[in-house]
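Structure first, then comments.
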Amino acid sequence: MQENQFIPKSYSNSIEKGSFTWSSPSNIALVKYWGKKKDQIPENPSISFTLNNCKTITKLSFSKKESTDHFAFDVFLDDEKKDDFKPKIETFFKRIETYLPFLKGFYFKIETSNTFPHSSGIASSASGMSALALCLMSIEKELSGNIILDEVFYQKASFLARLGSGSACRSLEGDLIVWGNHKNIEGSSNLFGVKYPYQVHENFKNYQDTILLVDKGEKQVSSTVGHNLMHNHPFAQERFKQASANLNKLIPILKTGDMDGFIALVESEALTLHAMMMTSMPYFILMKPNTLEIINKIWSFRQNTGSKICFTLDAGANVHVLYPENESDKIVEFIKNELVVFCQKGEYIKDKIGFGAQLL
Ligand code: PMV
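The sequence shown: position 286 = 286 (UniProt numbering), numbered continuously.
The structure is reproduced here in structure tokens:
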């Protein structure tokens, strides 16, 4: 598949105005994407769980405008006008204009809200960009006389979301999504996310993810800066190879339900992501003392109880606590009794693996 296959030939319909609303989930990577080439091409393949409760809901209203020489739009978060969001969206529109040639022909009103607190340290860029990409694809579908197949629709929406924020391309469908070429994963692509195509054991059905909000502040280092620090990073090439090897190892783990293999791989990936940050130049640490307190508590709990609880981290201090559904009661108790004290204002979000975006 080549980029130019996403350029539409012509549109059969013309529309004056309308609106579409999509709800799109966040995702948490098991094998992490960290490092990219030009045009948001990942240096290594990654795989993520789609989340169920952490979502962005975006309503895109559009009306035809006279001039077609510039982008025209306004952005609202929770009904409040957000001009500081505009540069990111303008950049996104510039990147995708070739693939959606109608963009300059409309004025857009983008109204967005998140089901998770805005300043929770949970990135809204994946769910935000995927929701916007889906709304834009709904317009393209209507312009094309509604003849786009679902598969083609989601593939192009993922392709567009990637150009907004890399990991956003894994935030459209459920429940396990791979992004990035991998020789042993059929259909995998650097250009868009695909559903993980192989067998997944019952142990991973309805997997739980409770996000402990250790630090709800803005990220100190944007992921764009972080990705760039992988250029000339002394361990970069080994890291990219390791990520591919880990994805390969995950295939039999997911098939056989090997929980210990899963735990070792997922925790190692999380710490490796942070190790890359700590060993870049300039270096930085996104974990906080409470992140480490939680990790140590999880390790003791696992050792003392034989639980299959584990953790992963995103590019921040918050801890994603992952566990099988059949351990929910006991782990929620453990979280309440021993981990909540390490969360900012005692806050956490109970989530689980989910099934993807919805047109509302
Ligand atoms: O999508 P970006 O450019 O914000 O990159 C995010 C990368 C991580 O969230 C840190 C890891 C991942 O694979 O999701």
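In this text, a Cβ means the ideal position worked out from N, Cα and C, and glycines have one as well.
| Item | Value |
| --- | --- |
| Where Lys9 falls: helix, strand or coil (DSSP) | coil |
| Contact test: Asp315 Cβ vs the ligand PMV heavy atom, cutoff 6 Å | Here the sequence assigns Ala to residue 315, which means Asp is not the residue at that position. Within the cutoff, so yes. |
| Cβ-Cβ separation, Ser23 to Ser55 (assumed contact under 8 Å), whole Å | Just to set this straight, residue 55 is Lys in the shown sequence, not Ser. Contact holds; Cβ gap of about 5 Å. |
| Residues bridged to Leu286 [DSSP beta-bridge criterion] | Its beta-bridge partners do not exist; DSSP assigns none. |
| Three-way DSSP call (helix, strand, coil) for Thr305 in this model | helix |
| Check whether Asp209 and Asp329 have beta carbons under 7 Å apart | no |
| Cβ distance (whole Å) where Asn246 is taken to contact Leu265 below 8 Å | 6 Å |
| Contiguous alpha helix (DSSP H) assignments of at least 4 residues, all confined to the stretch 87–118 | none |
| Range of the contiguous beta strand (DSSP E) that encloses Asn146 | Note, Asn146: premise wrong, no beta strand (DSSP E); not H, not E. |
| Contact test: Ala29 Cβ vs the ligand PMV heavy atom, cutoff 6 Å | yes |
| For Ile177, the three-state DSSP class (helix, strand or coil) | strand |
| Secondary structure of Thr58, DSSP reduced to three states | strand |
| The stretch 4–23 in contact with the stretch 127–143 per 3-pair CB rule at 8 Å | yes |
| Bridge partner(s) assigned by DSSP for Trp22 | Thr58 and Leu359 |
| Inside the UniProt domain "Mvd1 C-terminal" (211–340) only - alpha helix (DSSP H) runs reaching at least 4 residues | 223–228, 236–256, 259–278, 289–305 and 328–334 |
| Gly166 CB to nearest heavy atom of the ligand PMV below 6 Å | yes |
| Buried or exposed (CB count within 10 angstroms, at least 16 for buried), Pro87 | exposed |
| Assigned secondary structure, Tyr154 (DSSP; H/G/I helix, E/B strand, else coil) | helix |
| Gly187 in three-state terms, based on DSSP | coil |
| Sequence-distant residues of the same chain with beta carbon closer than 7 Å to residue 384, five excluded per side | Absent from the model: residue 384. The displayed extent of the chain is 1 to 360, so no value can be given. |
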